[in-house]
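Report on the structure given below.
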Amino acid sequence: MAENMMPGGVPLGELPISPHNQPGPQIGNPNQPGNPVPKVGPNPLQKYFRQPKIYITLPSKGTYWAPGTLEIPENGEIPVYAMTAKDEMRFKTPDALMNGQATVDVIQSCIPNIKNAWTMPVLDLDTLLIAVRIATYGEKLELSTTVPVSNEEKTFTLDMRTLLDQFMAVSYDNVITHSDLKITIRPITYMQFTKTAIKSFEEQRIFQTINDTEMDDNQKMGTFNDAFTKLTNLTIGTIKTSISQIQVGDQIVVDENQISEFIDNADKEFYSAITDHIEAQKKKFEIKPMRVESSEEEQGQGVPKTYDVPIAFDQSNFFA
698 MAENMMPGGV
708 PLGELPISPH
718 NQPGPQIGNP
728 NQPGNPVPKV
738 GPNPLQKYFR
748 QPKIYITLPS
758 KGTYWAPGTL
768 EIPENGEIPV
778 YAMTAKDEMR
788 FKTPDALMNG
798 QATVDVIQSC
808 IPNIKNAWTM
818 PVLDLDTLLI
828 AVRIATYGEK
838 LELSTTVPVS
848 NEEKTFTLDM
858 RTLLDQFMAV
868 SYDNVITHSD
878 LKITIRPITY
888 MQFTKTAIKS
898 FEEQRIFQTI
908 NDTEMDDNQK
918 MGTFNDAFTK
928 LTNLTIGTIK
938 TSISQIQVGD
948 QIVVDENQIS
958 EFIDNADKEF
968 YSAITDHIEA
978 QKKKFEIKPM
988 RVESSEEEQG
998 QGVPKTYDVP
1008 IAFDQSNFFA
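FYI, the numbering for the sequence shown is 698 to 1017, going by the numbering used here.
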């Protein structure tokens, strides 16, 4: 019996309860049977979440968006939130900027009503990006330029609300009439725009590579012709994608293959009519330069009374 006793006559396994050996709190998996599951209520920090800063109306009015990719409130005004820290970092990733993923992610983060930004028509793109910048950094944008003649560096302040007003003042004309044909066009999506831009960049880089290599003239000419053909097909392919239907008399052609076959066999005048119209619509939604007036002192140096300051829209520094 003594062998099973501890000093002081206490049997093994029967230590007296003291402040040093009292049972502590049970730590284990709360999901195990018998363990209570703590209830998690609303996040007390929720009231500090970002809120809409501005509301905008899209130039397209949602017309050219695919079903289910955009939710437009009854009043037509879409809420825009400021960027998060993660959004800012996305715009500092060169690869994500190049392939368009950063732009898509940030737009969907800051404008939750947009469910798939890849399908947005490009005529809405600048409006959305300007709205995100205003919501994040405010309405003012600093522009630096070189003054004509004097070559002096000067900084101007642009109120970007004027840019939004500019886009609201124009509309997209989607119908062309040529001979007895009625052609309905649509703006390309951001996905199509990005793919075209990447392919165009790759082919133009080939041109530069040709000039920098020591290959013989025959090889250069062959490579150049191949790249030029790809660029030509790319341009024509974009035009084909922009045509949603062609109506002649009572017949309406919507089949993509038939439209493609027609473009390949149409005369130059028809193709030029379409490209001219598309280019005119594109220019409507380009950001116009800011017109500024020079001082009397500058005019005394030969500076024009008014001159234009280009508005650079490089996403790598526009959101900085």
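Note that CB positions come from ideal geometry on N, CA and C, so glycine has one too. Since this is a predicted model, take the numbers as computed values, not measurements.
Residues bridged to residue i [DSSP beta-bridge criterion]
i: aspartate 1005; result: Arg988
i: glutamate 850; result: Thr843
i: leucine 838; result: Leu855
i: proline 818; result: Thr886
i: proline 776; result: Tyr752
i: histidine 875; result: Leu878
i: glutamine 955; result: According to DSSP, which records beta bridges pairwise, glutamine 955 is partnered with nothing at all.
i: glutamine 948; result: Val945
i: isoleucine 811; result: Leu767
Presumed contact (8 Å Cβ cut-off) between residue i and residue j, rounded CB distance
i: valine 1006; j: serine 847; result: That belief does not hold up - the Cβ atoms of valine 1006 and serine 847 are roughly 14 Å apart, past 8 Å.
i: threonine 824; j: leucine 861; result: 6 Å
As assigned by DSSP and simplified to three states, the class of residue i
i: lysine 980; result: helix
i: glycine 999; result: coil
i: isoleucine 885; result: coil
i: proline 941; result: According to the sequence provided, residue 941 is serine. The question's proline does not apply to it. Here serine 941 sits in strand by DSSP.
i: lysine 896; result: helix
i: valine 829; result: helix
i: leucine 861; result: helix
i: isoleucine 769; result: coil
i: isoleucine 724; result: At isoleucine 724 the pLDDT is 49, less than 50, meaning the model places this residue with poor confidence and gives no usable figure here.
i: glutamine 901; result: helix
i: phenylalanine 967; result: helix
i: aspartate 914; result: helix
i: asparagine 740; result: coil
Proximity test, Cβ basis, 8 Å: residue i and chain B
i: isoleucine 975; result: Within the model displayed, chain B is absent; a lone protein chain is all it includes.
Item to complete: Run through the region 778-807 for me and flag every whole alpha helix (DSSP H) of 4 or more residues, listed as ranges in chain order.
Response: Every alpha helix (DSSP H) of 4 residues or more that sits fully in the region 778-807 is shown, in chain order, as 782-787, 791-795, 798-807.
Discussion item. Within 8 Å, do at least three Cβ pairs link the region 983-995 to the region 761-774?
Written reply: With a cut-off of 8 Å, the region 983-995 and the region 761-774 do not count as touching, because too few Cβ pairs lie within range.
Worksheet entry | Stretch pair the region 841-859 + the region 964-973: three plus CB contacts closer than 8 Å | Touching, no.
Item to complete: Would you check if there are 3 or more beta carbon pairs closer than 8 Å linking the region 774-784 to the region 746-757?
Response: Under the Cβ criterion (8 Å, minimum of three pairs), the region 774-784 counts as touching the region 746-757.
Discussion item. Counting beta carbon pairs with one atom in the region 866-885 and one in the region 787-798, are three or more of them shorter than 8 Å?
Written reply: Counting C-beta pairs with one atom in each stretch, the region 787-798 and the region 866-885 have fewer than three that are closer than 8 Å, which means they do not touch.
Discussion item. Pairs of beta-carbons, one from the region 816-828 and one from the region 779-795, closer than 8 Å: are there three or more?
Written reply: Contact fails: fewer than three Cβ-Cβ distances are below 8 Å.
Practice prompt. Determine contact between the region 861-870 and the region 892-905, defined as no fewer than three beta-carbon pairs at a distance below 8 Å.
Written response: By the Cβ rule, the region 861-870 does not count as touching the region 892-905, because fewer than three pairs are nearer than 8 Å.
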